[in-house]
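Engineer:
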Amino acid sequence: MSLVAKSTEGGSSFIPVPTGMHLARCYRIIDLGTQKSEYMGVVKHLHKVMFQFEVHSEDAQGNPTVTSKGDPMTVSKNFTVSLAEKSTLRKDLQTWRGKDFSSDELKGFELKNVLGQWAMISVVESQNNGNTYTNIASINPVPTSIKKNGIPEGKNDLKLFSIDDADMTLFESFSDNLKNKIRQSPEWENLHGGPDTGSSAGAAFDDLESDLPF
Numbered sequence: 103m104s105l106v107a108k109s110t111e112g113g114s115s116f117i118p119v120p121t122g123m124h125l126a127r128c129y130r131i132i133d134l135g136t137q138k139s140e141y142m143g144v145v146k147h148l149h150k151v152m153f154q155f156e157v158h159s160e161d162a163q164g165n166p167t168v169t170s171k172g173d174p175m176t177v178s179k180n181f182t183v184s185l186a187e188k189s190t191l192r193k194d195l196q197t198w199r200g201k202d203f204s205s206d207e208l209k210g211f212e213l214k215n216v217l218g219q220w221a222m223i224s225v226v227e228s229q230n231n232g233n234t235y236t237n238i239a240s241i242n243p244v245p246t247s248i249k250k251n252g253i254p255e256g257k258n259d260l261k262l263f264s265i266d267d268a269d270m271t272l273f274e275s276f277s278d279n280l281k282n283k284i285r286q287s288p289e290w291e292n293l294h295g296g297p298d299t300g301s302s303a304g305a306a307f308d309d310l311e312s313d314l315p316f
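For the sequence shown, this note's numbering gives the first residue as 103, with consecutive numbering after it.
#1: Which residues does DSSP list as the beta-bridge partners of N242?
#2: Terminal residues of the continuous beta strand (DSSP E) containing F273?
#3: Relative to the alpha-carbon of D267, which residue among V119, H149, E289 and P254 has its alpha-carbon at the smallest distance?
#4: Is N258 helix, strand or coil when you go by DSSP?
#5: Pop quiz: I131 and L217 are said to be a contact at Cβ under 8 Å. What is the actual Cβ separation, rounded to whole angstroms?
#6: Alpha carbon to alpha carbon, how far is E212 from G200?
#7: Are C128 and A221 touching if we call contact CB-CB under 8 Å?
#8: So if DSSP puts K177 in a beta bridge, which residue, or which two residues, is it bridged to?
#9: Suppose you measure from the CA of V177 to the CA of A186; what does that come to, to the nearest Å?
Given below as structure tokens:
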């Protein structure tokens, strides 16, 4: 599956997170509902979720990774909502927390436990149809040496957006592209009559819920 976080599109002034390793904090998890995926001619419909990270780091020239407003830059990664053996979500969560899931843990994991967690993310860049994309290639635990020097204070409020219990104020803060993607999911359409509606909707994270800590 394609697990990319868009950085720029033609004509966009958005500045992507620079490539390399960065200290980052997961501040938002967004339920995307069931999305159509196509790879090598095979079409699948899979429940997707987006993790958004704020980056607290520097570029190769030592400049802080902040926007023109001085806020931390952000980057995201989409996952299929699955803890199957070969799933990217399972691989990244295991690498991030530094240990495998036990058989009991694989019965369910509550995604909200990831909110507020710090990580070292590896950001890479790719080109497609003339557009530049920044992708989170890997998510790793924060080294002890960095922890000893002190973790910075997070900037953004921690938020989880679930279609079946939608925070519409949060929804309206999303980009138009993201809102349209969510509206096109069958979960949203089934509850609210189609992708053009502006109200709340659909499927949450029930298949991963438990009392387990991250």
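Backbone N, C-alpha and C define an ideal beta-carbon position, used for all residues, glycine too.
Structural biologist: For this structure:
#1: The beta-bridge partner set that DSSP reports for N242 consists of M222.
#2: For F273, there is no enclosing beta strand (DSSP E); the residue is found in the alpha helix (DSSP H) stretching over M270 to E274.
#3: Residue E289 is the option with its Cα nearest to D267.
#4: Residue state, collapsed to three classes: coil.
#5: Yes, they are in contact, since the Cβ atoms of I131 and L217 sit about 6 Å apart, within 8 Å.
#6: Each residue's Cα considered, the two are about 17 Å apart.
#7: C128 places its beta carbon less than 8 Å from that of A221.
#8: According to the sequence shown, residue 177 is Val rather than Lys. DSSP lists F155 as partners of V177.
#9: For the pair V177 and A186, the Cα-to-Cα distance works out to about 25 Å.
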